[in-house]
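Note that the protein sequences, when read in sequence, are chains W and U. Numbering of the first sequence is given in the working numbering, commencing with residue 1 and proceeding in unit increments. Numbering of the second sequence is given in the working numbering, commencing with residue 1 and proceeding in unit increments.
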Amino acid sequence: MSTPAVTESAIARGSGSRRHVLRGAVAAAGLLAVVPWVVPPYTAILLTYGLIMAIGALGFNLLLGYTGLLSFGHSAYFGVGAYVVALMVKYVRVGSMELFLLGAIIGSAIVTAVFGWVCVRYTRIFFSILTLALSQVLWSLAFKFFWVTGGTDGLRVPTPSLLGGLVTGKGDKTDFMSHAYYYYVLVIFFACVVLMWVIVNSPFGKALQAIRDNETRAEFVGVQIWRYRFVAFLVSGVFTGLAGALWVPLNGLTTPDIIHWSFSGEIVFMTVLGGFRSFAGPIIGAVVFNYLKTYAVGYTVYWQLLLGVVLVVLVLSLPTGIVGTAERLAARWRRES
Amino acid sequence: MDVLVIHLINALLYASVLFLIAGGLSLIYGVMRIVNMAHGNLYAFGAYVTAWAIGRFAAGASMALLLVLLPAGAFAAAVLGAALEPTLLRPFYKRAEEYQLLVTFGLLMILEDLMRFIWGPYPLSASEVFENFGSLTIGDSLYPTYNFLVIGVGILAAFFLWAFIYKTRFGIVLRATSQNMRMASALGVNVNRVYIQAFTLGCFMAGLGGAIIVPGQSAVLGMGIDAVVLAFIVVVIGGLGSLEGALVGALIVGVVRETGIAWFPEVELAVLYLAAAIVLLVRPAGLFGRP
Numbered sequence: 001m002s003t004p005a006v007t008e009s010a011i012a013r014g015s016g017s018r019r020h021v022l023r024g025a026v027a028a029a030g031l032l033a034v035v036p037w038v039v040p041p042y043t044a045i046l047l048t049y050g051l052i053m054a055i056g057a058l059g060f061n062l063l064l065g066y067t068g069l070l071s072f073g074h075s076a077y078f079g080v081g082a083y084v085v086a087l088m089v090k091y092v093r094v095g096s097m098e099l100f101l102l103g104a105i106i107g108s109a110i111v112t113a114v115f116g117w118v119c120v121r122y123t124r125i126f127f128s129i130l131t132l133a134l135s136q137v138l139w140s141l142a143f144k145f146f147w148v149t150g151g152t153d154g155l156r157v158p159t160p161s162l163l164g165g166l167v168t169g170k171g172d173k174t175d176f177m178s179h180a181y182y183y184y185v186l187v188i189f190f191a192c193v194v195l196m197w198v199i200v201n202s203p204f205g206k207a208l209q210a211i212r213d214n215e216t217r218a219e220f221v222g223v224q225i226w227r228y229r230f231v232a233f234l235v236s237g238v239f240t241g242l243a244g245a246l247w248v249p250l251n252g253l254t255t256p257d258i259i260h261w262s263f264s265g266e267i268v269f270m271t272v273l274g275g276f277r278s279f280a281g282p283i284i285g286a287v288v289f290n291y292l293k294t295y296a297v298g299y300t301v302y303w304q305l306l307l308g309v310v311l312v313v314l315v316l317s318l319p320t321g322i323v324g325t326a327e328r329l330a331a332r333w334r335r336e337s
Numbered sequence: 001m002d003v004l005v006i007h008l009i010n011a012l013l014y015a016s017v018l019f020l021i022a023g024g025l026s027l028i029y030g031v032m033r034i035v036n037m038a039h040g041n042l043y044a045f046g047a048y049v050t051a052w053a054i055g056r057f058a059a060g061a062s063m064a065l066l067l068v069l070l071p072a073g074a075f076a077a078a079v080l081g082a083a084l085e086p087t088l089l090r091p092f093y094k095r096a097e098e099y100q101l102l103v104t105f106g107l108l109m110i111l112e113d114l115m116r117f118i119w120g121p122y123p124l125s126a127s128e129v130f131e132n133f134g135s136l137t138i139g140d141s142l143y144p145t146y147n148f149l150v151i152g153v154g155i156l157a158a159f160f161l162w163a164f165i166y167k168t169r170f171g172i173v174l175r176a177t178s179q180n181m182r183m184a185s186a187l188g189v190n191v192n193r194v195y196i197q198a199f200t201l202g203c204f205m206a207g208l209g210g211a212i213i214v215p216g217q218s219a220v221l222g223m224g225i226d227a228v229v230l231a232f233i234v235v236v237i238g239g240l241g242s243l244e245g246a247l248v249g250a251l252i253v254g255v256v257r258e259t260g261i262a263w264f265p266e267v268e269l270a271v272l273y274l275a276a277a278i279v280l281l282v283r284p285a286g287l288f289g290r291p
């Protein structure tokens with residue numbers, strides 16, 4: 001796996017100081033904060049979708065990029081987050097976003113713990129297939145138990161109230177989604193980024209990377225591999241579940257499609273598109289993928305073909321993704337100047 | 001009683017097709033150590049080509065001609081496989097497994113839409129063959145005769161594959177490459193050629209599965225994506241890379257599925273996936289897999 005390109009970008013990343021990263025983050029935050037006031041609501045809503053998927057992809061990449069496990073079943077945790085919210089609306093009749101998030105975190109943590117307990121015994125291809133098979137269990141349940149889940153019709157989720165009822169979406173829904181909800185998502189997004197940054201740079205995160213790079217050596221120095229992988233799986237699933245909970249009020253509807261394994265493929269796709277070897281990769285990848293897919297779907301009915309070609313070309317020629325390639329180009333440019 | 005017999009035949013029917021798909025998937029993994037996510041699309045491709053060929057010549061054609069056209073899908077899938085392996089898969093053998101999964105996932109998306117492009121979004125059927133065979137009576141109920149042909153093809157395919165792999169020279173080379181690619185290469189085996197042959201054979205089997213099932217059902221978009229997950233379950237139960245495993249796994253899944261449809265339709269799929277998870281827990285390499 002350690003191609004020269006990867007090592008090079010790793011060095012480039014290592015030399016970038018903490019202050020450098022901080023400056024970049026503050027600039028990004030500033031830009032994101034003014035977005036709803038300068039772009040049309042439609043673009044802001046698209047970006048909201050992108051940020052939500054970025055949270056999910058960030059969680060996913062804790063497994064792929066930092067632990068070296070490729071999950072093809074992350075749609076399950078995204079779907080659990082979304083369905084917990086929808087079922088809370090249907091059965092408990094609550095409308096508070098904070099309660100939704102709490103419910104989704106608890107729900108996805110339970111499901112992830114059960115699935116993770118089974119899955120982390122395996123690595124490589126078996127891990128991928130097992131996560132895929134388990135996610136399909138949930139898909140088939142959501143699909144068949146239509147009296148609970150609505151089957152293929154799905155469940156509707158009305159506009160929630162934010163901050164304990166302080167902000168409600170009584171007025172125009174587009175306006176609410178492109179402003180209040182956008183900022184709500186943005187704040188949670190930043191909290192998640194900071195949290196993930198802390199996690200991957202903590203001793204725990206370093207241990208995960210040690211396991212990824214050499215399992216035997218990591219075990220030899222006393223890392224309890226099974227337990228570390230399990231916790232990584234849990235954190236990863238809960239991040240993705242949180243994304244699912246944020247996604248469903250925006251979309252207004254949840255259907256079994258988001259649990260189907262092809263949606264897991266999309267999560268993998270966006271992470272690889274951004275570059276799974278860098279921290280920012282899944283974030284950039286999710287936002288870009290979201291635009292890419294939206295325009296591809298609007299442009300042609302054969303959008304899958306288009307995305308498939310992009311994925312194949314990407315894996316063939318740019319395995320480090322957008323961020324990795326940009327870093328490599330930046331490094332070359334710096335050397336030459 | 002006859003209901004039970006019909007359920008049993010249905011289970012065999014289902015297992016036959018599953019064996020063709022999963023056997024090809026397992027063969028490819030056994031030799032090349034690559035899990036082809038797009039394998040189901042080759043099955044769908046076989047179904048579409050056969051349905052198209054039969055639909056084109058069906059009006060007034062004799063039964064013999066229709067039967068000759070039936071395997072068209074299998075050959076088309078084999079040709080497609082022979083074209084894909086050297087162009088798309090070969091660059092990935094030396095890279096991590098993750099990339100192989102990703103590139104075949106990309107291939108899945110591409111093939112899915114190519115079929116939509118060529119044959120349109122509507123189902124394509126080849127029911128002429130199915131109807132020509134008529135039906136026979138089992139106890140008090142009618143049962144389509146064509147289904148026995150499918151089971152027969154499944155059994156024949158399993159037999160020929162066994163003979164091919166254990167009784168021919170090519171089979172020996174194939175097994176040698178599967179066990180130790182470097183050693184086989186050092187002993188003068190042209191590994192590239194073995195790979196392309198194994199991949200073509202695997203695709204042929206998947207295409208054959210699609211070709212023989214399409215008269216009874218019809219070719220629809222998404223059938224490949226559904227099939228590949230079931231094939232994964234079969235190989236996970238039987239053991240990745242083992243043909244005996246694929247056969248036993250297909251039988252198990254066929255019986256479980258048929259039982260599920262008859263008695264617990266709501267959780268039928270869930271039970272299948274759970275069965276696979278349980279087998280993996282108890283025997284990580286599957287029933288017949290090499291640990």
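C-beta: ideal position from N, C-alpha, C; glycine also. Because the structure is a prediction, the values reported are computed rather than measured.
Annotation: residue 65 of chain W to residue 235 of chain W spans about 14 Å, alpha carbon to alpha carbon. A distance below 8 Å between beta-carbons, with the five flanking residues on each side excluded, links residue 199 of chain W to the following residues of its chain, in chain order: 62, 205, 235.
With at least 16 other beta carbons inside 10 angstroms of its own, residue 14 of chain U counts as buried. A straight-line Cα-Cα distance of about 27 Å links residue 108 of chain U and residue 56 of chain U. A buried status is given to residue 36 of chain W, since no fewer than 16 other beta-carbon atoms sit within 10 Å of its beta-carbon. For residue 14 of chain U, the enclosing alpha helix (DSSP H) begins and ends at 2-32. In the structure shown, the three-state DSSP call for residue 189 of chain U is coil. Three or more pairs of CB atoms, one per stretch, sit closer than 8 Å, so the stretch 66-82 of chain W contacts the stretch 243-254 of chain W. For residue 133 of chain W, a Cβ of chain U is located within less than 7 Å of the residue's own Cβ. Going by C-alpha positions, residue 181 of chain U is about 35 Å away from residue 322 of chain W. Residues of the same chain with a CB within less than 7 Å of the CB of residue 105 of chain W, apart from the 5 flanking positions on each side, are 238, 241, 242 in chain order.
At least one CB atom of chain U sits nearer than 7 Å to the CB of residue 124 of chain W.
Nearest CB-CB separation between residue 110 of chain W and chain U: not below the 7 Å threshold.
Here residue 91 of chain W is exposed: its Cβ has fewer than 16 other Cβ atoms, across all protein chains shown, within 10 Å. In the structure shown, residue 144 of chain U adopts extended strand secondary structure according to DSSP, grouped into three states. Inter-residue distance for residue 190 of chain W and residue 286 of chain W is about 15 Å (C-alpha atoms, whole angstroms). Excluding sequence positions up to five before and after residue 142 of chain U, its CB lies within less than 7 Å of the CB of 135, all in the same chain and listed in chain order.
Residue 75 of chain W and residue 154 of chain W have their C-alpha atoms spaced approximately 16 Å apart. Counted as a single uninterrupted DSSP element, the alpha helix (DSSP H) harbouring residue 283 of chain W occupies residues 281-299. For residue 156 of chain W, the beta-bridge partners assigned by DSSP are W:253. With a 10 Å radius around the Cβ and a threshold of 16 neighbouring Cβ atoms, residue 169 of chain U comes out exposed.
In the three-state reduction of the DSSP assignment, residue 114 of chain W falls in the helix class, which pools H, G and I. Interface flag for residue 270 of chain U against chain W is set, since a Cβ pair is found closer than 7 Å.
Listed in chain order, the alpha helix (DSSP H) runs fully inside the stretch 242-275 of chain U are 243-263, counting runs of at least 4 residues. Taking 7 Å as the cut-off, the Cβ atoms of residue 17 of chain U and residue 209 of chain U count as close. Within the same chain, Cβ atoms closer than 6 Å to the Cβ of residue 212 of chain W are found at 67, 68, the five residues on either side in sequence being excluded.
Residue-level contact check: residue 226 of chain U does not touch chain W, since none of the beta carbons of chain W fall below 7 Å from its beta carbon.
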